[in-house]
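To start, the structure itself, in structure tokens.
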Amino acid sequence: MVLQLSANAALNRGKKRGNYSCGRCGLPKRGHTCHVSTDLTNPPFLTPPRQQPRRSRSFSDASSEYDAGEDAAGDFFVEVAGAPVPVSILAEVLRRLPPVGLMSAAQVSRGWRDCARRLWRAAEELRIRVPPRSHLEFVGSVLNKCMGLVRLSLRIESNLDATMLACVAFSCPNLEAFEIRTADTAINRITGDELGRFVAEKKSLSNLKIEGCTHLGFLNLCSSSLSTLWLSDLYSISKMIINCPNLKEISLDFSRKENDSTDLITMVDGLGRSCPNLRNMHIASIRLSHAVVLALTSANLRGLRMLSLVLGSAIVDASVAAITSSYPNLELLDLSGSSISDCGIGMICNVFPQTLSRLLLALCPNVTASGIQFATAQLPLLQLIDCGMTICDPSVQNVHLEGDGLPNGDGSCELNYQKKVTNPKLHQMYQKLIIKHGQLKKLSLWGCSGLDALYLNCPELNDLNLNSCTNLHPERLLLQCPNLENVHVSGCQDILRGAIQNQVFNDFTSLEDQFPCKRLADGSKRVQVPRFLDQQPSCNEKGRTRQTLCAVHVS
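Heads up: the sequence shown at position 89 corresponds to 551 in the working numbering, and the numbers run straight through without jumps.
Spelled out as structure tokens, the structure:
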């Protein structure tokens, strides 16, 4: 007891009025809990207590305690509408905003600004619509925030020159994919020398797509990393050198002007020498001819798998023979706008029965319904066939095709081209088309105004294009395609639209008057033409008729 009193007396003796430090350990008393024992018989080491580690303030705001908080799982949170929200959730929301929206979000608070800054730094892909005014300053301010950008796509709505290329080259040192799309009113003034310098400086660039290349003049591209090259609106290229040994895919879309002076023969011959690893080739030009095809087939491009030669009205059946003898492993063949006939289709079917999956023969006036039926019967792996404007009404003289002329994701192309039919006696007025195929998924018969009867038995078909099939009769239409998802009937008669809707939605009660009828030999009565023998109504496990989820597009 005496020892205890002596200890208390010693402690009280050291305490003075106005002393705000702990009498045991000497640390400030405010917010402090002393861990030093008062047992003087066994005094401990007088070391200060271990303080709690300081929290990171990466997403902090001194004005609010919630802007710098951290939950038990270690996730930071910021204040949103007066409530704490994890930064991971806010980042997922901000990631879906366009660049302008993300810039506006960064002005909300310090926590939001830090979150937006991290999103800019972590961005690998960016798609920007560049406004007409201050386009260069806007792009520069955005790109300076993205240090790790790998893929960039620009939609230019004003005139374009080499300063944009310089801005991209300076701000994106690790760029791998670059795309420039131009509006209808925009003018691309980039020259061939400037584009070649940009490609040579970007050592990591592997994918390049540029629209509106009307001012190139000449083209000299040298790159060991470039694997995909798309250039559109080319015009009067005096010299073209593409020395890219690792190039796998090339798309060259030329202007539709008649005075285009590009030497396509020399161009394709150079591609065979400097780009031996080409697998996909697309060329759209009205100057395509049989001589160009011969120059292409003489090139050493044995690995070619997709070949698209569009708008070459001088491409004939002899050209098809050269293609089939030189490239026996084609998976896609696009000869839209050519002058091949059913004989050329026969050669295609004889060579590619085990490889060809996509065949595009749009705007081929010499192709008839018999040739299309033969192709679908002899090509078992066919998944897409485009026969737009092949079976046409001879009274229709002008043809207008819309699109950008570049290959789509499925390998098909949309054309932007006007042509006048010169020989109205190529087809009969009306033709009938019967297709039965087990693998076909997409069928395009747009603009086939000379087609009056269509019978389809394609269980895997999911997309059917019948736009502008003005003479197709509802009573001569039979769709046995249970997996149809989209049917395009823009420009068709209202009665045809109703018949298609009745069939795709399995409304068999209204099909009674849609099947073609004929009289018996003695003329006693009329009977309906039977369906295909193997067609059975699709049912689910409970025996109910399955309703097809199909959209009929009328515009």
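Ideal Cβ positions, reconstructed from N, Cα and C, are used throughout, including at glycine.
This structure is a prediction, so every number in the text was calculated from the model and none was measured.
Residue i vs residue j beta-carbon contact at 8 Å
{"i": "Asn742", "j": "Arg767", "result": "yes"}
{"i": "Asp695", "j": "Ile652", "result": "no"}
{"i": "Ser666", "j": "Thr690", "result": "no"}
{"i": "Leu683", "j": "Asn705", "result": "yes"}
{"i": "Leu946", "j": "Leu923", "result": "yes"}
{"i": "Gln893", "j": "Leu913", "result": "yes"}
{"i": "Leu902", "j": "Thr838", "result": "yes"}
{"i": "Ser633", "j": "Leu605", "result": "yes"}
{"i": "Ala831", "j": "Leu895", "result": "yes"}
{"i": "Pro707", "j": "Ser687", "result": "no"}
{"i": "Ile712", "j": "Leu740", "result": "yes"}
{"i": "Thr786", "j": "Val755", "result": "no"}
{"i": "Leu611", "j": "Leu637", "result": "yes"}
{"i": "Ser747", "j": "Leu726", "result": "yes"}
{"i": "Asp627", "j": "Glu656", "result": "The residue asked about is misnamed: residue 627 is Leu in this sequence, not Asp. Contact: yes."}
{"i": "Leu795", "j": "Leu821", "result": "yes"}
{"i": "Met809", "j": "Ala784", "result": "no"}
{"i": "Ser803", "j": "Asp848", "result": "no"}
Residue environment, residue i, which counts as buried when at least 16 other CB atoms sit within 10 Å
{"i": "His899", "result": "buried"}
{"i": "Ser874", "result": "In this predicted model, Ser874 has a pLDDT of only 47, less than 50, meaning its place in the structure is not dependable; the value taken from the coordinates is given anyway. Counting Cβ neighbours within 10 Å, Ser874 comes out buried, since at least 16 surround it."}
{"i": "Arg595", "result": "exposed"}
{"i": "Asp646", "result": "exposed"}
{"i": "Ile957", "result": "exposed"}
{"i": "Ala824", "result": "buried"}
{"i": "Glu720", "result": "exposed"}
{"i": "Asn828", "result": "buried"}
{"i": "Ser760", "result": "exposed"}
{"i": "Lys887", "result": "Legend: pLDDT at Lys887 = 44, less than 50; position of this residue unreliable, value from coordinates given subsequently. Label assigned to Lys887: exposed."}
{"i": "Ala1013", "result": "exposed"}
{"i": "Glu663", "result": "exposed"}
{"i": "Ser911", "result": "buried"}
{"i": "Asn927", "result": "buried"}
{"i": "Ala530", "result": "Residue placement at Ala530 cannot be trusted, given a pLDDT of 35 that sits under 50; what the coordinates show is reported in the next sentence. Burial call: buried."}
{"i": "Asn919", "result": "buried"}
{"i": "Thr852", "result": "buried"}
{"i": "Asn650", "result": "buried"}
{"i": "Thr644", "result": "buried"}
{"i": "Cys954", "result": "buried"}
{"i": "Gly909", "result": "buried"}
Whole-number beta carbon distance between residue j and residue i, since they are thought to touch under 8 Å
{"i": "Thr724", "j": "Ser698", "result": "6 Å"}
{"i": "Ser930", "j": "Val1016", "result": "The pair is not a contact, with the Cβ atoms about 12 Å apart (cut-off 8 Å)."}
{"i": "Ala776", "j": "His752", "result": "6 Å"}
{"i": "Leu616", "j": "Gly654", "result": "With 8 Å as the limit, Leu616 and Gly654 do not qualify as a contact, their Cβ atoms being about 20 Å apart."}
{"i": "Asp779", "j": "Arg749", "result": "20 Å between Cβ atoms; not a contact."}
{"i": "Ser819", "j": "Glu793", "result": "5 Å"}
{"i": "Gln840", "j": "Cys805", "result": "Not a contact, Cβ separation roughly 14 Å."}
Reference residue i; option with closest CA among the options
{"i": "Ile590", "options": "Leu926, Leu614, Gln893", "result": "Leu614"}
{"i": "His434", "options": "Gly850, Leu895, Gln893, Tyr892", "result": "Because the chain is modelled from 463 through 1017, residue 434 falls outside the range shown and cannot be assessed."}
{"i": "Val772", "options": "Leu797, Arg749, Ala757", "result": "Leu797"}
{"i": "Thr676", "options": "Ala648, Arg579, Lys904", "result": "Ala648"}
{"i": "Cys608", "options": "Leu616, Val592, Glu587", "result": "Glu587"}
{"i": "Gly774", "options": "Leu907, Arg820, Phe716, Pro790", "result": "Phe716"}
{"i": "Cys826", "options": "Ala783, Cys854, Val612", "result": "Cys854"}
{"i": "Gln965", "options": "Pro936, Leu905, Gln955", "result": "Pro936"}
{"i": "Phe660", "options": "Leu841, Phe640, Gly674, Ser801", "result": "Phe640"}
{"i": "Thr625", "options": "Gly799, Val601, Cys737, Lys710", "result": "Val601"}
{"i": "Trp582", "options": "Leu822, Ser603, Leu681", "result": "Ser603"}
{"i": "Ala915", "options": "Gly808, Leu846, Thr932", "result": "Thr932"}
{"i": "Glu619", "options": "Arg579, Pro593, Pro842", "result": "Pro593"}
{"i": "Ser800", "options": "Pro815, Ser781, Asn791, Tyr789", "result": "Ser781"}
{"i": "Asn621", "options": "Ile807, Asp576, Glu673, Pro842", "result": "Glu673"}
{"i": "Tyr789", "options": "Asn762, Ile807, Ser803, Ile802", "result": "Asn762"}
{"i": "Lys904", "options": "Arg959, Pro944, Leu844", "result": "Leu844"}
{"i": "Pro738", "options": "Pro921, Leu709, Ile834", "result": "Leu709"}
{"i": "Asp925", "options": "Asn948, Trp908, Arg938, Thr495", "result": "Asn948"}
{"i": "Pro944", "options": "Cys629, Leu733, Gln963", "result": "Gln963"}
{"i": "Ile897", "options": "Gly833, Arg959, Gly960", "result": "Gly833"}
Residue-level contact to chain D via CB, residue i, 8 Å cutoff
{"i": "Leu696", "result": "Absent from the structure is chain D; it holds one protein chain and no more."}
Next on the checklist: What ranges does the alpha helix (DSSP H) occupy inside the region 598-638, keeping only unbroken runs of at least 4 residues that lie completely in it?
Outcome noted: Restricted to the region 598-638, the alpha helix (DSSP H) segments that are unbroken, complete and at least 4 residues in length are 624-633, listed in chain order.
Item to check | beta strand (DSSP E) runs wholly inside the region 784-821, at least 3 long, in chain order | outcome: Listed in chain order, they are 794-796.
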